[in-house]
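Down below is the structure, laid out as structure tokens.
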Amino acid sequence: MYIFTAKDYFMLNIQHLRFEWMCGHRNFSILCNLRVVLTQEDPAALLKELPVLKSRYRSLCAQMEEISLEQKESMDSIRAALQKTMEIVQALQQQTQLQNSPLSAQEQTAAQQLHLKTGKEMEFSVQEPSSPGSTDPGSAEEAQFIPLTKEAFLSVPRSIRSTVKLADLNNFYKELFNHFIVQNNRAALSLSEMKKMNMKATDSRIRILEELGIVELNKQGNVKLAV
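Letter by letter, the sequence shown follows residues 68 to 294 in my numbering.
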């Protein structure tokens, strides 16, 4: 059985981006062809259809803006997912002392275009495990709590992110971290319990953290960190 590797996932997403670019290029070609049509038609007839042409033009411009926005969000999402995958692979190779296989020339070029960290650049991004002998809760929090990055935040679908701000989400994430990790509480919390504890909990923020795999919900809908 063929195993779908991270490299295959990387190249698949590159092909997906190319397809999206072709769709955007097609719409742009339609806009350019409008000028050709204008030079071939009767001017009097064109004046009558001018409102329709303006409406079509505005509609196509709106579609182009939407495609551009979706492409940017797709690129940010793919970049965040690939960077996370590469960091996980790097960490596993360090833990198992496996030799890191170098990227091919094509993969290296794609990584540079996506602004991904590779090789030794990633070694500074991989977090070192905390010392098992540490007993100070404050030092444990500083060593382990890592706020969500903008790339990870944008990897969540916009329909789930809604109007949530990254800073507010990180504040809520840190409150959960303090409760479950620093204070070593194990029981899952309901939304009402979190609000009684003055946590900045909302359904939208919980859904985002669940989408990122940071929290998990039990059958009752109560929340705890997925660690």
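C-beta atoms are modelled at their ideal positions from N, C-alpha and C, and glycine is treated no differently.
It should be emphasised that the depicted structure is a prediction, and the values quoted were computed from it without experimental measurement.
Looking only at its own chain, which residues have a Cβ that is under 7 Å from the Cβ of residue 255, when we skip the five neighbours before and after it?
Taken in chain order, the residues that qualify are 285, 289, 290, 291.
Just verifying my parser: in three-state terms, what is the DSSP assignment at residue 279?
Here residue 279 sits in coil by DSSP.
Residue 221 to residue 211, Cα distance in whole Å?
Cα-Cα distance, rounded: 22 Å.
Three CB pairs or more closer than 8 Å across the region 145-161 and the region 224-234
Between the region 145-161 and the region 224-234, the count of Cβ pairs shorter than 8 Å is below three; the stretches do not touch.
Does the separation of the CB atoms of residue 246 and residue 252 fall below 8 Å?
Taking a C-beta distance under 8 Å as the contact criterion, residue 246 and residue 252 qualify as a contact pair.
Rounded to whole angstroms, what is the Cα-Cα separation between residue 201 and residue 259?
At residue 201, the pLDDT of 44 sits below 50, so the modelled position is not reliable; the number obtained from the coordinates is stated separately. Taking the straight line joining both Cα atoms gives about 33 Å.
Go through its chain and collect everything with a Cβ distance to residue 225's Cβ below 8 Å, but skip five positions before and after it.
Excluding five sequence positions before and after residue 225, the CB atoms of its chain that fall closer than 8 Å to its own CB belong to 140, given in chain order.
Which residue from 248, 121, 274 puts its Cα closest to that of residue 213?
Among 248, 121, 274, the Cα nearest to that of residue 213 belongs to 248.
Would DSSP call residue 256 helix, strand or coil?
Assignment of residue 256 by DSSP, reduced to helix, strand and coil, places it in the strand class.
Buried versus exposed call for residue 275 [16 or more other C-beta atoms within 10 Å across all chains shown]:
Classification for residue 275: buried.
By how many angstroms is the C-alpha of residue 172 removed from the C-alpha of residue 244?
Taking the straight line from one Cα to the other gives about 41 Å.
Nonlocal neighbours in the same chain, by C-beta distance under 8 Å from residue 282, ignoring five residues either side
The answer, listed in chain order, is 243, 273, 276, 290, 291, 292, 293.
Considering only DSSP beta bridges, list what residue 290 is partnered with.
Residue pairing by DSSP puts residue 290 in a beta bridge opposite 256, 284.
Just how far apart, CA to CA, sit residue 121 and residue 136?
Answer to the nearest angstrom: the Cα atoms are 23 Å apart.
C-alpha gap between residue 125 and residue 116, whole angstroms
Residue 116 has its alpha-carbon roughly 14 Å from the corresponding atom of residue 125.
Determine the contact status of residue 223 and residue 149, defining contact as a CB-CB distance below 8 Å.
No, Cβ-Cβ distance for residue 223 and residue 149 is not below 8 Å.
Under three-state DSSP, which class holds residue 229?
Looking at residue 229 - three-state DSSP - the assignment turns out to be coil, as it is neither helix nor strand.
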